[in-house]
Every structure is written in structure tokens, then in C-alpha cells.
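Just so you know, we're using this note's numbering here: the sequence shown kicks off at 688 and counts up by one. Everything on this sheet refers to the single structure shown next.
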Amino acid sequence: MSFSDSDSSSYGGDYKNFRQISRDRLLHEMLRSAKTGDSKSTWKVLIMDKLTVKIMSYSCKMADITDEGVSLVEDIYRRRQPLPSMDAIYFIQPSRENVIMFLSDMSGRSPLYRKAFVFFSSPISKELVTHIKRDSTVLPRIAALKEMNLEYFAIDSQGFTTNNEKALEELFCDDESSQKGVACLNEMAIRVGTVFASLREFPFVRYRAAKSLDATTMTTFRDLIPTKVAAGVYDCITKYKKTIPDFPQSETCELLILDRSIDQIAPVIHEWTYDAMCRDLLSMEGNKYVHEVPSKVGGPPEKKEVLLEDHDPVWLELRHAHIADASERLHEKMTNFVSKNKAAQIHQGSRNSSELSTRDLQKMVQALPQYSEQIDKLSLHVEIAVKLNKFIKEQGLRELGQIEQDLVFGDAGTKEVIKFLTTNEDASRENKLRLLMILAAIYPEKFEGEKGQNLMKLAKLPPEDMSAVTNMRLLGAAPDSKKSSLGSFSLKFDIHKKRAVRKQQNGGEETWQLSRFYPMIEVMADEGTVLQIQRN
């Protein structure tokens, strides 16, 4: 997921990455604005719900929030101590439950806080605004009531997610009349719209049209997912033109909306970049990696948490490199570092010598701060690379990865999959399941009737895994289709031409039809819909 390298945006001035823009809006546009006007208290309370606390944590650190005059952060749904001499900043979703909780805090003779600065993460309905106005005791205590239009997770400097974890299930389920699917689409569209509110960009909204919109063919809910998301996003953005100051009045970029049926394989195939390998093979929570370091007091190793994020230059450089390339570059970095750093040379030489001269000690002390920081980062990534290569070897991922690629390129089929399952009975349940899901995406007819049952028996997978494999049909062609397809694009059509396009990864027009996306700006709204934003 990456943003354009454009040097400017509608904000003007110096270039800022996406996370910086989100951070500035939260700190300056929201928290700092509460310092002016009717606010008399120096320190304030920040009250958020479960979603907005995550929005805040992805963009800001606690020190950033404290610097803006916040002394206490509270959960709106927890019982809180009254602080009638302090002002409160509410950053909440515009839901009925949140509004009721806010009114409960600020109404009556004894409100919890002196004044309330209320910021909603997305547009609030007129009905809820009317509900707030009805309480005459609350109105004089509201110092600000504003729509922030910031309801996404800025997961790094160049990407975001809308936190719709069940989107795949809700959008592509068997129940065509599912209200959950409609609600999910609306929520996604609103949250994607808030991205453009932060960027101050007005996009051309382009989307993948339904397979057929003529009167003779029945169009399903799944066929219309990109259309409905596009309509929702455009509706939000046209409102921003009227409500957000300095919002562009004409198109400044392009937004491309596709759904998961365009590329069923990407979520399950093994991706061999350093970033993807870390998330696939290591027990990471988000960007947090836990590893062991030697104890400073000579005891057992201690566990240490590190964040693999943009502030780590090694991670930033290697995250999108192939794991083999990343390992090689790490070795070169470590070798160069030792050859150029005085402290590293002396430390290495001291293993063979029991004494160090005074001058050696002086050079070592002078180099220690830089040495310590750099060696920690390099050592961390060397350790991670060693672990990854160990897992790759233990799980036989080289052979599995080769057959996965051969399947996608049309160089392998059911015969090769059966051979792999027969000769690799010790392969993990997850890896066998992923292989069969890839096969089902390319050759759905191979899982009709007894054929599919026999494959699952050979793989020794339980019935729930069989459901996962057969449900791949919901992402692609109609269940009675005999064609091997990925959505509306066949992998077997002109296979040699497209294979060359993908292997070169040269940004050709048809690359995205086959497998992964390599756009200038790419974001995952969820597991069901892919968005691509490209600046004009």
C-alpha cells in the first residue's frame, strides 16, 4: 500500500505523508482548537470510544496528546470520576449510543465536566443533532460541535484501512438480502470518504462495473459492490465540497474501486517480501514484534517489544524487498557497519584480546551512542531474517511457493497438487488449505461433487476447511460455470502473454488482472474491496 510521490497536495506547502496529515488534523485541528475560545482550563480530559481510540493510536503517541494539554484519556463507556473544573474533548463516532452517553455526562445540575468540545469522526445525522438540541441543560455547556471526518486507521505513512474485518463474509455471503452487507458498504463508503476529507482531494471515482447491466441478465448484490461503494464515496465527497473550507471544487486525483473477485488469490498465496513474510510467519500483533534480549543483570533472556514501522530506517528500506534480497542486504549492512564503526571494531577485537588501550577505550566511548542504536536495529532485523529463513526451511515453503506460482501461471494443475499432498503429508493444515483455495480459485470445477471431497480427504482437512474452499465460488463466477476464472478474468486466456507481464512486474495494463496490485497509491479498505488512488 503506497501513496504517490507527488510533492504537493491541496493543502499546499511542504509535502506530508498520509500519517503526518492525519496526525496534524488530530493534534492541531481537534486538540489544539480546544485551547482557544471559551476554554479556561489548562488541562483537559480526552474521551473516546473503542474505534476512535484506535484511530488516535495509529497516528499519535501519548506524548503528542499530552503536549496538547490532555492530562487524562478516558473510555466513554467506563464509569468516570467527575471533574467539574475541567473541560472535556469528546472524539467519538456519531452513533446514538455515544450521543446518549455524552448527554448523560453533561446534562443535569452536576455534569461531569465544565465544558465539552465534541468532535465526531464522521458525519452526524440530523436526527441526532436534533436530539442534542432538545436538552436545554447541555447546550450552554457545549463549547464546540464539529464533524472531524476522520474515520480510518493510518496504518503507516502511505496506507490506511477502514477496519471492516468481516467485510468479506458480509459482502460475499450466500444471503443476497443481507442487511449486514448493506450496512458494511455504507460504513466503508463513509470511511473512505473521510480519507479525502483529510487529504483535501476531490477524486474522479472510477469503479469496476457489474458483469452485465442489461435487462436479460439478473444482477446480484455481489456484482454491484464496487458500484455501490463508488456511489457512497462520491455522495460523501460532494457534501464535503459544500461543508469543508478550502475543499477542491474540481477533480484533483483518481480513485479506482474494485472488489475481491478481481483477485481471489492474493490474500492466500505466500507473498515473499520481507514485510509479508514477517506478518505471515511471525507472531505479530499489528506492527508489534516481540523478541528476546540478553538480561542486563545476567538472568534469563528478557522479552522486548519493538514496532516495525516507518521510524525504523532498516524496516523502511527492506520491507518491500524479496526475503532473499533482504537477507543479502542485511549481511552487507552488518559487514559495512563493522568495518566503519570504531566501537564495533574494538568490540570485535576485544574477543581476542584481554586488554584495551586508553585510546581504544576513548574511541569506543565516542562511538558508543551511534553504535548502540545502529547495532540494535541491525541485530533485530538480522535476527528476524534468520528466523524467517528457518521457518521457510522447516515448513518447506520453497517447494510450496513454487507450486503456488506454477498454478497461477498455468504451469501446474490438479496433478501437481495431488503429488504435493501425497509427498508432503507433514505440511501444516494452513498451508494445505491455502494451496487448495488457490486451486479452487483457478479451477472451481475441480471441486464439484466427489472431486472436491477426494481432494480434501487426501489433504486430511476437516469439514470447516472444505467450506472455506467451496466458498471461493462466491468470489468468482456463478456456481454452475464450467470456466476457470478469477472474477471475469480468465487465468487461462492468453496465458503466456499474461505470464510474461506478471513476471516482469513492469506496471503493464494487464498486470492487475492476474494477481497483485502495484499502483501509485493503494489502500485496503477491507478484505472485500480494494481501492487505488492515483494523483493526476
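Virtual Cβ for every residue (Gly too), placed ideally from N, Cα, C.
Going by DSSP, what residue range makes up the alpha helix (DSSP H) through residue 961?
961–968
When DSSP builds the beta bridges, which residues end up paired with residue 779?
807
Please state the DSSP three-state secondary structure of residue 851.
strand
With a 10 Å radius around its C-beta and 16 neighbouring C-beta atoms as the bar for buried, classify residue 1113 as buried or exposed.
exposed
Whose C-alpha, out of 1085, 1125, 707 and 787, is nearest the C-alpha of residue 657?
Because the chain is modelled from 688 through 1223, residue 657 falls outside the range shown and cannot be assessed.
Just to confirm, are residue 799 and residue 755 a CB contact at a threshold of 8 Å?
Going by C-beta atoms, residue 799 is not nearer than 8 Å to residue 755.
Just how far apart, CA to CA, sit residue 1188 and residue 961?
Note that residue 1188 scores a pLDDT of 34, beneath 50, so its modelled location is shaky; the value from the coordinates is reported in the next line. When rounded, the distance between both Cα atoms is 23 Å.
DSSP three-state label for residue 1132, please.
Judged by DSSP in its simplified three-state form, residue 1132 adopts helix.
Residues near residue 740 in its chain [Cβ-Cβ closer than 6 Å; skip 5 each side]
The same chain holds no residue with a CB closer than 6 Å to that of residue 740 once the five nearest residues on each side in sequence are set aside.
Using the Cα positions of residue 831 and residue 1070, report the straight-line distance between them to the nearest angstrom.
50 Å
In terms of residues, what are the limits of the beta strand (DSSP E) holding residue 680?
Look at the range of the chain in this structure, 688 to 1223, and you will see that residue 680 is not part of it.
Identity of the residue in 797, 1162 and 921 nearest residue 877 by Cα
921
Rounded C-alpha distance that separates residue 871 from residue 917
Each residue's alpha carbon lies about 13 Å from the other.
I need the DSSP call for residue 704, collapsed to helix, strand or coil.
In the displayed model, residue 704 falls within coil according to three-state DSSP, outside both helix and strand.
Selected residue, minimal CA-CA separation from residue 982, among 991, 934 and 1152
991
Can you tell me where the alpha helix (DSSP H) with residue 758 in it begins and where it stops?
Careful: residue 758 lies outside any alpha helix (DSSP H), inside the beta strand (DSSP E) at 757–762.
Threshold first: 4 residues or longer. Then list the alpha helix (DSSP H) segments lying entirely within the segment 720–753, N to C.
Fully enclosed alpha helix (DSSP H) runs of 4 or longer: 737–746.
Which whole-angstrom value describes the C-beta separation of residue 894 and residue 914, a residue pair presumed to lie in contact below a C-beta threshold of 8 Å?
Indeed they touch by this definition, with Cβ atoms about 6 Å apart.
Could you say which of 996, 1066, 923 and 1092 lies nearest to residue 979 if we only look at CA atoms?
1066
Take residue 939 as the anchor and find which of 889, 931 and 912 has the nearest alpha-carbon.
889
Counting along the chain, where does the alpha helix (DSSP H) carrying residue 1235 start and finish?
Nothing in the structure corresponds to residue 1235, since the chain is present only between 688 and 1223.
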